[in-house]
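Residue 1 is where the sequence shown starts when you use the UniProt record's numbering, and the numbers rise one by one after that.
Okay, structure first, notes after.
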Amino acid sequence: MKERVLAAYERIRGTVRETPLERAAGCEAWLKLEHLQHTGSFKFRGAANKIGLLAGAQEVVTASNGNHGLGVAAAAEARGIAAEVFVSSHVSRAKAARIQARGARICYAGDDPLTAEMAARRAAEETGRVYISPYNDLDVAAGQGTIAVELLRQAPDLDAVFVAVGGGGLIGGIGSYLKAMSPRTEVVGCWPENSPVMKACLEAGKIVEVAERPTLSESTAGGLEEGSVTFELCRQSIDRSVLVTEEEILGAMRFVLQTEHWLIEGAAGVAMAAYLKDAKRYHGRKAAVVLCGRNVSEAVLEKIC
C-alpha cells in the first residue's frame, strides 16, 4: 500500500492542495487543515487519483450523499468526462445542488447510503461504465493516504494522528502509509457513538450490519459494503479507538469555530472531539487531528449556531 500511496501522491500533485499543518489555538493539538482542500473535503484526493488512472473512460458512476460525490464530480469535470452520482433520499438539497453545479447528474436511489451504493454499482455494470466506490477501492484509499505523506514531511516527529472513520478509506490510506514509514506514530480511529460501524465490524472480525442512530457526523454514517478492502486496511493500521457522543461532537465543532474561526463538518468534529476527550494522554506529545471537511448541512449548521 505504501507504494500505491506514493504513486498517488506523485499523480495528483498540482491537482490537489497540500493542506497546512498548524498548531491549534485552543489546545496542544496540531490541525491538518484538509477542510481547505478543493471541494471542502479530503474526498477530492481519492477521486482525483482514481480518475487520473482511467484511460479512455467517457463516464464514471459513483454513490454519495455529499463529499465523495462532489469530489468525483469535480475531478471528472477537470478531466472532461461525464459523471453520474447516486444519492439516497436523505441527501441535502444544498449538497445535491453543488454536485450538479459541477456538471454531474443526480440519481436518487433508496433511503440509505448503502442502498445507493449498490444501485450505482449495478448501473455501472449494466452500462459498462466505471464505478468509483466512496471507500471500497484501493486507488481511492491511496489518494486519501496522500495526507499521510504530507503529514510526515510537515512533522517527521509525529506521535499520533486522530482520524474520523466511516467506510475506512481515509484512515485506511493514512494508517497504511504511517505503519510503513513511521510505525511509532499512533493511529487513532474516531467514531460517533451513534454510528460506530467499522469499529463494530472490526470487533466482530467481519463485516456485519450495525444499528445506527442519527449523528452530526453525516459523512461517516452508513453500513459497509460486503468484502470492502478497507476492512483489512483498518484492521492492520488502527492502534486505538475513541467513541464520542453527539454532545462532544457539537462541542468540538463549536470549539474550532470559536478558537480558529473555522466552520468544520461533523466528521471533522468527531476527530477533534476524540482528541479533546483524550488531551491529557497526549500532553507534551505531537498529535495531529485531521479536519477532514467543512461541508455542513443546513440542519447541522442550525445546531452549531
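Glycine included, every Cβ here is placed at the ideal spot set by N, Cα and C.
With DSSP as the reference, label residue i as helix, strand or coil.
i: ARG285; result: coil
i: VAL165; result: coil
i: TYR108; result: strand
i: ILE147; result: helix
i: GLU193; result: coil
i: GLY80; result: coil
i: VAL188; result: strand
i: GLY173; result: helix
Would the beta-carbon of residue i fall within 7 Å of that of residue j?
i: PRO192; j: SER217; result: yes
i: GLY143; j: ASN49; result: yes
i: LEU36; j: GLU22; result: no
i: GLY173; j: ALA221; result: no
i: THR259; j: ALA76; result: no
i: residue 308; j: SER297; result: Missing from the structure shown is residue 308; the chain here goes from 1 to 305 and no further.
i: GLY66; j: SER219; result: yes
i: ILE264; j: VAL256; result: yes
i: VAL87; j: ALA104; result: no
i: ILE132; j: VAL72; result: yes
i: GLY189; j: SER241; result: yes
i: VAL300; j: ALA273; result: no
Let me confirm a value: residue i is counted as buried when at least 16 other C-beta atoms fall within 10 Å, else exposed. Which label applies?
i: residue 306; result: Outside the modelled stretch of the chain, which goes from 1 to 305, sits residue 306, for which no answer is possible.
i: GLY56; result: exposed
i: CYS292; result: buried
i: SER89; result: exposed
i: ARG93; result: exposed
i: THR127; result: exposed
i: CYS305; result: exposed
i: LYS206; result: exposed
i: LEU151; result: buried
i: ARG102; result: buried
i: ARG184; result: exposed
i: LYS280; result: exposed
Along the chain, where does the alpha helix (DSSP H) containing residue i start, and where does it finish?
i: PRO113; result: 113-127
i: VAL91; result: No alpha helix (DSSP H) contains VAL91, which DSSP labels as neither H nor E.
i: VAL130; result: Not the alpha helix (DSSP H): VAL130 falls in the beta strand (DSSP E), residues 130-132.
i: residue 376; result: This structure leaves residue 376 out entirely; the chain is present only between 1 and 305.
i: LEU301; result: 298-304
- In the segment 196-280, which residue ranges form an unbroken beta strand (DSSP E) of at least 3 residues, counting only runs that do not cross its ends? Taking 3 residues as the minimum length, the beta strand (DSSP E) runs contained wholly in the segment 196-280 are 240-244, in order along the chain.
- Query: Along the chain, which unbroken stretches of the alpha helix (DSSP H) at least 4 residues long are found entirely within the segment 6-73?
  - Reply: Complete alpha helix (DSSP H) runs here, min 4: 43-53.
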